[in-house]
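Take a look at the structure below.
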Amino acid sequence: MRRQSLFLIFILCYAISITYAQPSGVDPFFDAVPLRTDSNNKFFLTNQDASVVKSFFENQRNFKPNRVIKMDHGFYHGYRIYYSNTSDPETGSEPWIQVFTINTRECIETYHRSNSGLLEAPFLGVKKASAKYGYATGDVEDLMHQYEQIATRYYREFNDEKANLVNEMNMVFQKYLSKMESQSGQMFATGGNGYALKPVSSKDYTWELWEQCLEEVDQAGYNTMIEYSEVPATDSQL
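Now the structure itself:
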């Protein structure tokens, strides 16, 4: 289930309307989205593997990198792609593009060993609802296991109505918490044929909302970050 609130729809349209930014002469990666929408943003997100991003930049027709270095930091695996400094070669500095993909399995295993609270944090609301409504322990554990990867993902960041920086995971959680808090005795679920409606209890309705919420958070996450050494230009002139 995708975003429904007017605020989220506005943010999405705004992000899509931004021209992809890239170093002069380098084409933008085809499906990357900005981490933030401000003019100083140097970070972009994608769900393509770092090796795919590297290959894309290596195969530019007119602006190829000088060299590529493989980099591994724990469960982050990727590359730094270096370019010639064509604007001021005497400075010795080289522009670069860095890309890292999170290995989800390695990340989850590391969190389990060293900081399990990071994996459990997104599910505090589910646990609170379980204590209130008495959901089966096995059902809660299965739901948490199904979506435990959400704690390992990158999420886009926006300024909310009060100019506070929030990430998309928190925005989705807030949307669904508002739905749960405003539920009334007029809750309905679709019947088996998709048309008939039947009343549902607060317990069942809240569980369905948590399932929808976690699915939406999972869809909003990214496992690869692309970072530029400088704020990218907005053109591709050589």
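For what it's worth, the numbering used here labels the leading residue of the sequence shown as 698, then goes sequentially.
We put the CB at the ideal spot given by N, CA and C, even for glycine.
Per DSSP, cross-strand counterpart(s) of K767: According to DSSP, K767 bridges with Y776.
Minimum C-alpha distance to R777 - residue among F797, K739 and E803: F797
For P731, three-class secondary structure by DSSP: Three-state result, P731: strand.
Assigned secondary structure, Y873 (DSSP; H/G/I helix, E/B strand, else coil): helix
Coil, strand or helix - Q843 by DSSP: helix
Between the CA atoms of C804 and S736 - distance to the nearest angstrom: If I take the Cα positions, the gap works out to 31 Å.
Where Q909 falls: helix, strand or coil (DSSP): helix
Alpha-carbon to alpha-carbon, F772 and K751: 18 Å
Range of the contiguous beta strand (DSSP E) that encloses F753: No beta strand (DSSP E) holds F753; the alpha helix (DSSP H) holding it covers A747 to E755.
Cut-off 7 Å between Cβ atoms - residues of its own chain near Y919, not counting five sequence neighbours on either side: Excluding positions up to five away in sequence, the list reads L742, T743, N744, R850 and Y851.
Y925 - partner residues in DSSP beta bridges: I794
Between the CA atoms of V823 and V897 - distance to the nearest angstrom: 19 Å
Member of M868, T903 and Q880 whose CA lies at the smallest distance from the CA of D915: M868
Short Cβ contact (8 Å threshold) for E854 with K739: No, Cβ-Cβ distance for E854 and K739 is not below 8 Å.
Rounded separation between V863 and L732 - CA only: Near 11 Å, if we compare the C-alpha coordinates of L732 and V863.
Limits of the alpha helix (DSSP H) - the one that E854 falls within: Per DSSP, E854 belongs to no alpha helix (DSSP H); it is in the beta strand (DSSP E), E854 to N856.
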